[in-house]
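First up is the structure itself, then whatever we jot down about it.
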């Protein structure tokens, strides 16, 4: 790891937790006033103005407190090993988010699908290239400057535990997105983004994760387009709910998550200590990973079989 940026700084030039609290309060107050109005009036262009506002506000705070920019927004040349680790961590996070989102959609189908449809309607209201830039590139830069830059550093000067900081920043990231139906997925992603930043001390990696996470669903939707089959499935899900068997399938897919996260973390940390770490430190770690891998397969299979034989949903008879 690199040297902690604030180890010898004058305390008067350090970000403090109250700086982060006040800044986040200003951001949320802005969101429910001028920003909400701008996004409702100008759609994606209002979102672009929002992202610029977050970036300029973050830079303003740093300049006002006379803290060197590179200390709040550290940026170094990326390494291929760490880059691959970040992408693997995103794949693992994305697969973890699928059952989380599906379980929420199972219990609250109208709310979840309405949020998804609303987002898609705004995102695809502009040309694809412009949509990718506003919805993927800008958040990866502007939101990360706020969350993994100013906010994280303000709390990091008070608390050093990476798990506590990841939890705290995850909660803040979930609140930031302003919807109770998006809170849990965005909070988990915010925690992962924070962990990546704490491990690498390089803004490039959380920005890469954030970009990939925003870009991939948009890219996938652009490939599917507004096909009649896709719209028909969405209508059935909205009217009849998610079949229980689907939940079992998505839960079973999370079997790759334990080894995925573990390997990604290994790649992020590899080469950062004097003595090179082994991939598996002990037999106990291997056993734990195997158990965490097998468990979602078993639970997913049980839920799938239950749904297959006892689910009263007419999805299969209606569509398949």
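Numbering (our numbering), first residue to last: 736 to 1055. For each residue, glycine too, the CB sits at the ideal point set by N, CA and C. All values reported here derive from a predicted model rather than from experimental measurement.
Determine the direct distance from the alpha carbon of residue j to that of residue i, and round the result to whole angstroms.
i	j	result
residue 996	residue 836	19 Å
residue 1042	residue 977	10 Å
residue 1024	residue 760	40 Å
residue 861	residue 779	7 Å
residue 737	residue 806	Caution is warranted here: a pLDDT of 45 is assigned to residue 737, below 50, making its placement in the model unreliable, and the coordinate value is therefore given only provisionally. So the alpha carbons of these two residues sit roughly 12 Å apart.
residue 773	residue 914	18 Å
residue 775	residue 906	25 Å
residue 788	residue 754	18 Å
residue 767	residue 785	12 Å
residue 1052	residue 954	Below a pLDDT of 50, predicted positions are generally treated as unreliable, and residue 1052, at 45, falls in that range; no measurement from the model is reported.
residue 900	residue 894	7 Å
residue 764	residue 771	10 Å
residue 1014	residue 817	15 Å
residue 873	residue 855	17 Å
residue 912	residue 832	16 Å
residue 1029	residue 769	49 Å
residue 1056	residue 903	Since the first residue of the chain shown is 736 and the last is 1055, residue 1056 is not available in this structure.
residue 1019	residue 845	44 Å
residue 1040	residue 834	16 Å
residue 1057	residue 843	Here the chain comprises residues numbered 736 to 1055, so residue 1057 is not present and cannot be evaluated.
residue 1017	residue 853	48 Å
residue 1044	residue 777	49 Å
residue 741	residue 869	Legend: pLDDT at residue 741 = 44, less than 50; position of this residue unreliable, no value from coordinates given.
residue 1088	residue 762	In this structure the chain extends from 736 to 1055, so residue 1088 is not present and cannot be described.
residue 923	residue 798	31 Å
residue 964	residue 994	Legend: pLDDT at residue 964 = 48, less than 50; position of this residue unreliable, no value from coordinates given.
Sort the options by Cα distance to residue i and report the nearest one.
i	options	result
residue 927	908, 915, 917	908
residue 810	940, 817, 798	940
residue 793	879, 832, 871	879
residue 751	773, 886, 838, 853	886
residue 877	1046, 986, 1029, 782	782
residue 757	796, 769, 775	796
residue 875	935, 948, 1017	948
residue 942	1019, 839, 929	929
residue 749	846, 800, 1039	800
residue 812	937, 825, 772	937
residue 1037	1019, 1022, 982	982
residue 897	925, 777, 1029, 992	925
residue 791	992, 881, 953, 856	881
residue 935	808, 803, 802, 798	808
Considering only their Cβ atoms, is the gap separating residue j from residue i smaller than 7 Å?
i	j	result
residue 1056	residue 990	With the chain running from 736 to 1055 in the structure shown, residue 1056 is simply not present.
residue 932	residue 883	yes
residue 950	residue 871	yes
residue 1002	residue 820	yes
residue 847	residue 988	no
residue 858	residue 866	yes
residue 944	residue 815	no
residue 827	residue 992	yes
residue 999	residue 823	yes
residue 984	residue 1046	no
Does DSSP put residue i in a helix, a strand or coil?
i	result
residue 712	Outside the displayed span of the chain (736 to 1055) sits residue 712, for which this structure offers no information.
residue 827	helix
residue 1018	helix
residue 979	helix
residue 748	helix
residue 914	coil
residue 855	helix
residue 933	helix
residue 860	coil
residue 777	helix
residue 1013	coil
residue 948	helix
residue 843	coil
residue 894	coil
residue 904	helix
residue 803	coil
residue 740	For residue 740, the predicted structure reports a pLDDT of 43, less than 50, and the residue's modelled location is therefore unreliable. A value from the coordinates is still provided. In this structure, residue 740 counts as coil in the three-state DSSP scheme.
residue 817	helix
residue 1005	coil
residue 938	coil
* Hey, is the region 833-851 in contact with the region 913-926, meaning 3+ C-beta pairs nearer than 8 Å? -> Short answer: they touch.
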